[in-house]
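These notes concern the structure reproduced below.
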Amino acid sequence: MAASNKIHLLKDLLILSRFNKYTPVFASFAGLWSTLLAGAARLAEHPSAISPAFVLRQTGLCFLAAYIFYGAGTVWNDWVDRDVDANVARTKDRPLASGKVTTFQAMLWMVLQTLATWYLLNVMLDGNDLYVLNPLHALMIAVHRIKNGRGTDGCTYRWKHFLPVLVASFLYPFGKRPAARKLYVYPQYILGFIVAWPAVIGWAATYGQHQPFTETVRQCLPLCSMVYFWIIYLNTAYSYQDVADDRKMNVNSFYNLGGQHLHLLLVALASPVPVCMLLFLREFDSFWLWATWLGGWTASFAEQLIHFDPKEPASGGTLHKSNFMLGIWTIFACAVELLRSASKV
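Residue numbers (my numbering): 311 to 655.
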């Protein structure tokens, strides 16, 4: 009986983190694209500096870190929103809203996921395989560095990458409150930043401390901006599925800004995406990227906007799935670009 209860609890915790859905993968897209393309760029600049295997390893670690941290963020979101979720048809069965998971269990699960993310971030930004194989050895290395006065710089470097998304994840659920609307703050603003920021981490995972933090941010700014507007666009359509319940509960969401002109709002939100994409791709001398990114995204956006129907809120879910496939396609395009760069070495 006890074993059965533990299995049910584990299942509920996984559901709480949305690990039973495809949505956590969205949080990894920017990091994956950035890591792969940074690898392709560095191979082209300094072929002897890194190997494709190293880039793929960093890509895998970036995926795990973003995926797990998304889970931690949803735990915090659901805890703050538990009373609201209990009165919304689509969310009333979530583990915290339904009482299947206690606050203590949820908070412990959230802390464990946050610590796991921090650990993976240390591995990525240090580039030391021993961290993966032997955590105890990693601790010994860290203590040795601190004793020799070399530990604080590395820790500060890592916190620069982790703190922005940590703070944004904390603030996200409060962006849905009516008070936030008075300040013209919508949750999609914060969510866009959360999903876009891993692009900086992914680029740093490839270039490491060979590149200053400010330069990494500058390099990734067009990609971060592109992902930022993309997430606002797709999440506005996705959250519109709950429009009836949200209005009853006075939940703040960006689609309220569109009023009766939601379709035009989505067009306006999608428009900056290809512009930011152009700014990012000009750094790469690759027809393949121009064709697969700009061509693929433009065609997909046109199809999405044609089929979205404000009279059918469920069409927001279809648009969301279409963007998920677009993200997967872009991973493929970036992986091919990495292989193309490796073949020229």
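Note that CB positions come from ideal geometry on N, CA and C, so glycine has one too.
Straight-line Cα distance separating residue j from residue i
i    : j    : result
S653 : R328 : 38 angstroms
F484 : A490 : 7 angstroms
S651 : L591 : 15 angstroms
A578 : G502 : 16 angstroms
L326 : I511 : 25 angstroms
T384 : E593 : 35 angstroms
I616 : H573 : 9 angstroms
I641 : L346 : 8 angstroms
L323 : S338 : 20 angstroms
L353 : Q368 : 14 angstroms
S344 : N633 : 18 angstroms
E613 : C530 : 28 angstroms
I638 : F336 : 9 angstroms
V495 : L366 : 38 angstroms
N330 : L476 : 23 angstroms
A312 : A363 : 44 angstroms
H520 : A340 : 21 angstroms
I317 : I542 : 36 angstroms
T412 : T401 : 17 angstroms
Neighbourhood of residue i by C-beta distance below 7 angstroms, restricted to the same chain and skipping five residues each side
i    : result
A547 : L576, F618, G626, L629, H630
M420 : A382, V385, W386
R528 : none
M587 : M536, W603, L604, W607
S596 : E647
W600 : L591
Contact under 7 angstroms by Cβ, residue i with residue j
i    : j    : result
L430 : L342 : no
V583 : M536 : yes
D388 : L406 : yes
L589 : P508 : no
A506 : Y538 : yes
A376 : W513 : no
T333 : F379 : no
R468 : L422 : no
Cβ neighbours of residue i in the same chain (closer than 6 angstroms, five flanking residues each side left out)
i    : result
F611 : A580
A350 : E647, L648, S651
I500 : A478, L481, Y482, G485
C534 : A506, A509
F523 : K470
F472 : L431
V390 : P483
R404 : D388, D395
Status (buried if at least 16 other CB within 10 Å, exposed otherwise) for residue i
i    : result
L493 : exposed
T424 : buried
S549 : buried
L418 : exposed
S314 : exposed
Neighbourhood of residue i by C-beta, 8 angstroms cutoff - its chain only, sequence neighbours within 5 removed
i    : result
W598 : A643, V646, E647, R650
P474 : F503, W507
Which runs of the alpha helix (DSSP H), 4 residues or longer, sit entirely within the stretch 402-440?
The alpha helix (DSSP H) runs lying completely inside the stretch 402-440 and spanning 4 residues or more are 405-408, 413-436, given in chain order.
Would you mind listing the alpha helix (DSSP H) stretches within the stretch 318-371 that are 4+ residues and don't spill past its ends, in chain order?
Taken in chain order, the complete alpha helix (DSSP H) segments of 4 residues or longer contained in the stretch 318-371 are 333-355.
If we require 3 or more residues per run, which beta strand (DSSP E) segments fall completely within the stretch 491-558?
Complete beta strand (DSSP E) runs here, min 3: none at all.
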